[in-house]
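Take a look at the structure set out below.
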Amino acid sequence: MEKEWIKVGITLYGQRRYMDAIEAIDTAISINPKNSNAWKHKGIAFRKWKKYPNAIECFDKALNLNPKNSSAWMHKGVLYGKINKYEEAITCLDKSLELTPNNARVWIYKGVILRKWEKYEEAITYFNKALEINPKDARVWKHAGVLFSKLEKYEEALLCFNKATEVNPRVKQIFDEKGVVLENLGRYEEALECYNILLNRNPKNSGILNLKIRVLRKMKRYEDALNCCDEVLNINPENKNTYFIKLQILRNLERYEDALNCCDEVLNIISSSKKGNIWNIKGDIFNDLGEYNKAIGCFNKALEINPHDDYAKQGKIFAINILELQEDM
Numbered sequence: 314m315e316k317e318w319i320k321v322g323i324t325l326y327g328q329r330r331y332m333d334a335i336e337a338i339d340t341a342i343s344i345n346p347k348n349s350n351a352w353k354h355k356g357i358a359f360r361k362w363k364k365y366p367n368a369i370e371c372f373d374k375a376l377n378l379n380p381k382n383s384s385a386w387m388h389k390g391v392l393y394g395k396i397n398k399y400e401e402a403i404t405c406l407d408k409s410l411e412l413t414p415n416n417a418r419v420w421i422y423k424g425v426i427l428r429k430w431e432k433y434e435e436a437i438t439y440f441n442k443a444l445e446i447n448p449k450d451a452r453v454w455k456h457a458g459v460l461f462s463k464l465e466k467y468e469e470a471l472l473c474f475n476k477a478t479e480v481n482p483r484v485k486q487i488f489d490e491k492g493v494v495l496e497n498l499g500r501y502e503e504a505l506e507c508y509n510i511l512l513n514r515n516p517k518n519s520g521i522l523n524l525k526i527r528v529l530r531k532m533k534r535y536e537d538a539l540n541c542c543d544e545v546l547n548i549n550p551e552n553k554n555t556y557f558i559k560l561q562i563l564r565n566l567e568r569y570e571d572a573l574n575c576c577d578e579v580l581n582i583i584s585s586s587k588k589g590n591i592w593n594i595k596g597d598i599f600n601d602l603g604e605y606n607k608a609i610g611c612f613n614k615a616l617e618i619n620p621h622d623d624y625a626k627q628g629k630i631f632a633i634n635i636l637e638l639q640e641d642m
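Numbering (my numbering), first residue to last: 314 to 642.
Below you can see the structure in the form of structure tokens.
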């Protein structure tokens, strides 16, 4: 009967019903308080619920009851990895591997934690070990690709990502990583294809749209990049970073009136303390247009916010000097 309650608990925490899951597992524990796996699953439920001290307590109880519970050691290690206690995490995972050396999941977790710990060369060793055990695990190929990307070994990273998609064309979070690697290799069209695959699945993914904007700018496809900016701003009209990018593109295209309108839109959504940069940009645009009095007004606005703003001072001096030269002519 206790096993049935554990199964109920597993189903419930899989549905993110953590309190209900813990109640179900507690029923199993009340039937058999010495069931190590019940305590382990209670720990997993707490971990997923982000109640980490409770989770540790449960894993410790599971391991006190059965020090050879390899899965409990693994899950305890995963938890320590989540809270950035890397040494403790590796110790737990090593305990798990002593008991089940051919468990590819543990080798993967060890590699992921070492990657987080920025011990990249060691992490590669453990991903390779996981692939020896199961070469058809797309997740491991993906993790290895991310690792090679961090090491700026982009060709190796691309090989791993290609292998991951060969094994499982629907592997999660692969095309964004692959797109970034292709960008770094200067293969922009292929990077764009990766981002478009993801956008076909979810057209309102602003994170991927921003990656697409970046690669379009590298390709100097500024009009397409602007259209993507507008898509992001339709999803989130207060996305400050996208407004800044849109401003830069409009200036690249010398669409100064549109850039000025964009400045005004940004000024309406950012806090007063951060408006100085926009007033400086607006001042630069008026300088580009030869409207120096308006430029001086903008730089004065920036200096009201920060009297020590050297950029605003220089922009203002430039505009004043031009006006004085014009008067002398």
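In this text, a Cβ means the ideal position worked out from N, Cα and C, and glycines have one as well.
| Item | Value |
| --- | --- |
| Nearest-angstrom Cα distance between aspartate 577 and lysine 587? | 13 Å |
| Among Leu505, Ser383 and Pro620, which has the Cα closest to the Cα of valine 419? | Ser383 |
| As an exercise, report each continuous alpha helix (DSSP H) stretch of at least 4 residues that is fully enclosed by the stretch 328-396, in chain order. | 331-344, 349-361, 365-378 and 383-395 |
| Under three-state DSSP, which class holds isoleucine 558? | helix |
| For alanine 538, which residues from the same chain have a beta carbon less than 7 Å from its beta carbon, with the 5 sequence-adjacent residues on both sides left out? | Ile526, Leu529, Arg530 and Ile562 |
| Can you give me the C-alpha to C-alpha distance between lysine 607 and serine 584, rounded to a whole angstrom? | 22 Å |
| State the DSSP-derived secondary structure class of arginine 527, mapped to helix, strand or coil. | helix |
| List, from N- to C-terminal side, the alpha helix (DSSP H) runs of 4 residues or more that fit wholly inside the stretch 443-499. | 451-463, 467-480 and 488-497 |
| For a quick check, are the C-beta atoms of alanine 477 and lysine 442 less than 8 Å apart? | no |
| First and last residue of the alpha helix (DSSP H) that includes lysine 429? | 417-429 |
| Taking just the CA atoms, how far does tyrosine 556 sit from isoleucine 582? | 10 Å |
| Less than 8 Å between the beta carbons of isoleucine 369 and leucine 406, yes or no? | no |
| Report the rounded CA-to-CA distance for lysine 347 versus lysine 395, giving the unit in angstroms. | 27 Å |
| Please go through the same chain and pick out, in chain order, the residues whose beta-carbon is closer than 7 Å to the beta-carbon of asparagine 565, but skip the five residues on each side of it. | Tyr535 |
| Name the two residues that bound the continuous alpha helix (DSSP H) containing leucine 539. | 535-548 |
| Ignore the nearest five residues each way along the sequence and tell me which others in tryptophan 650's own chain have a CB closer than 7 Å to its CB. | The structure shown does not extend to residue 650, since the chain is modelled only from 314 through 642, so no value can be given for it. |
| For leucine 573 and serine 462, I'd like the C-alpha separation in whole angstroms. | 39 Å |
| Starting from arginine 514 and walking both ways along the alpha helix (DSSP H), at which residues does that stretch end? | 501-514 |
| DSSP on threonine 413, reduced to helix/strand/coil? | coil |
| Restricting to runs no shorter than 4 residues, where is the alpha helix (DSSP H) found entirely within the stretch 580-604? | 589-602 |
| Assuming isoleucine 618 and glycine 589 form a contact by the criterion Cβ under 8 Å, report the distance between their Cβ atoms to the nearest whole angstrom. | 4 Å |
| Helix, strand or coil for arginine 564 per DSSP? | helix |
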